[in-house]
Amino acid sequence: MPQNPAIPEAPAKPELPNFSDRLPDLTQALRQAGRDLVEAKPSQSYIPYFEDVYTIAHSLKGVTGILNCPQPMTDFIVALNQELLKCLSGSSLCRKNKEAGEAFLALAEALDRDQPAETADPALLANWLPKLTALYCEDIGHEARLQEIPPHLFYVNEFVTKKAREISLLHLNYTVVEDEIRLDEIPLWRTQLSEALLSPEFGRGIVVNFLPFLSSEGSRTLKLWAWVAAASYSRAALKQRIKEIMPKATLTKL
């Protein structure tokens with residue numbers, strides 16, 4: 003009698019990477035932002051530093067359901083994103099730069115260990131978030147902030163109104179940077195703009211809004227428009243700094 007063919011074994015399930023392998027990115031972002039915030043002047047906005055941490059935390063949130071991540075760490079990452087967003091797009095503000103920096107450094111220290119997703123103290127993580135939010139104060143929401151935006155501007159979301167609000171609250175100087183570049187030059191251009199907004203004189207500025215436009219149909223070049231602000235002692239000083247790094251850019255009014 004013919005023998006039944008052997009049933010092939012089911013392929014082994016792929017072993018997913020461990021979430022702990024991704025946490026050093028967050029630890030590094032927390033440590034850098036923490037150090038910078040501790041040294042930041044009172045006239046500087048917390049926003050660019052919170053943005054750096056949020057960028058990494060948001061990417062981690064997207065993989066908590068894919069990678070092997072314990073539930074307590076998943077809950078913490080989700081909550082961390084929510085609390086950072088309150089100060090990046092919601093109605094909260096943080097005017098205690100030094101204390102926020104110290105909080106970021108403390109969290110970085112707690113996560114700087116082997117297999118942090120599995121070994122970090124859940125109680126410590128749960129207690130850390132209220133310590134951060136205790137540094138917040140309340141301001142106005144997006145709809146109210148939108149009333150302060152010039153009516154001719156477009157593509158204005160809650161992140162843009164939040165950063166624009168900082169201009170009036172901290173009396174920041176601002177300008178508009180315009181340029182035309184090739185498509186493959188965008189990363190370099192953004193790096194140069196970040197460098198131009200970082201100075202020993204005024205610390206770190208903010209990009210309120212950034213908009214790229216195709217120059218023409220089928221064109222390989224882009225027109226760029228960026229609304230920027232910083233705690234420089236004058237608008238002329240801000241423009242001079244930008245021109246030092248980006249001499250070909252055009253500086254215009256809002």
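Mapping of the sequence shown onto the numbering used here: residues 3 to 256, in sequence order.
Using N, Cα and C, we set each Cβ at its ideal position, and we do this for glycine too.
Just so you know, these numbers come straight off a predicted model, no measurement behind them.
By DSSP's criteria, residue i is part of a beta bridge. Which residues make up the other side?
| i | result |
| --- | --- |
| Lys225 | Glu182 and Phe215 |
Could you pull out every residue in the same chain whose Cβ sits closer than 6 Å to the Cβ of residue i, ignoring the five residues on either side in sequence?
| i | result |
| --- | --- |
| Val40 | Lys100 and Gly103 |
Check residue i in the structure and name its three-state DSSP category.
| i | result |
| --- | --- |
| Tyr138 | strand |
| Ser234 | coil |
| Cys71 | coil |
| Thr29 | helix |
| Lys15 | With a pLDDT of 49 at Lys15, under the threshold of 50, the modelled position of this residue cannot be trusted, and the question is left open. |
Rounded to whole angstroms, what is the Cα-Cα separation between residue i and residue j?
| i | j | result |
| --- | --- | --- |
| Leu199 | Ser236 | 14 Å |
| Lys63 | Leu86 | 13 Å |
| Val158 | Leu107 | 33 Å |
| Thr177 | Pro124 | 45 Å |
| Pro214 | Arg147 | 24 Å |
| His173 | Ala233 | 8 Å |
| Ala228 | Phe212 | 4 Å |
| Leu224 | Leu185 | 6 Å |
| Leu82 | Leu131 | 7 Å |
| Glu239 | Asn129 | Note that residue 239 is Ala in the sequence shown, not Glu. Straight-line Cα distance between these residues: approximately 43 Å. |
| Asn20 | Phe78 | 16 Å |
| Cys89 | Tyr48 | 9 Å |
| Leu96 | Pro72 | Strictly speaking, residue 96 in this sequence is Cys, with Leu absent from that position. Distance between the alpha carbons of Cys96 and Pro72 is about 30 Å. |
Taking its Cβ as the centre, do 16 or more other Cβ atoms sit within 10 Å of residue i, making it buried, or is it exposed?
| i | result |
| --- | --- |
| Thr254 | exposed |
| Lys43 | exposed |
| Ile188 | exposed |
| Glu168 | buried |
| Ile244 | buried |
Taking 9 Å as the CB-CB cut-off, is residue i touching chain D?
| i | result |
| --- | --- |
| Leu155 | The structure shown contains no chain D; it is built from a single protein chain. |
What residues in its chain sit with their C-beta under 7 Å from that of residue i, if we drop five residues either side in the sequence?
| i | result |
| --- | --- |
| Asp27 | Ile58 |
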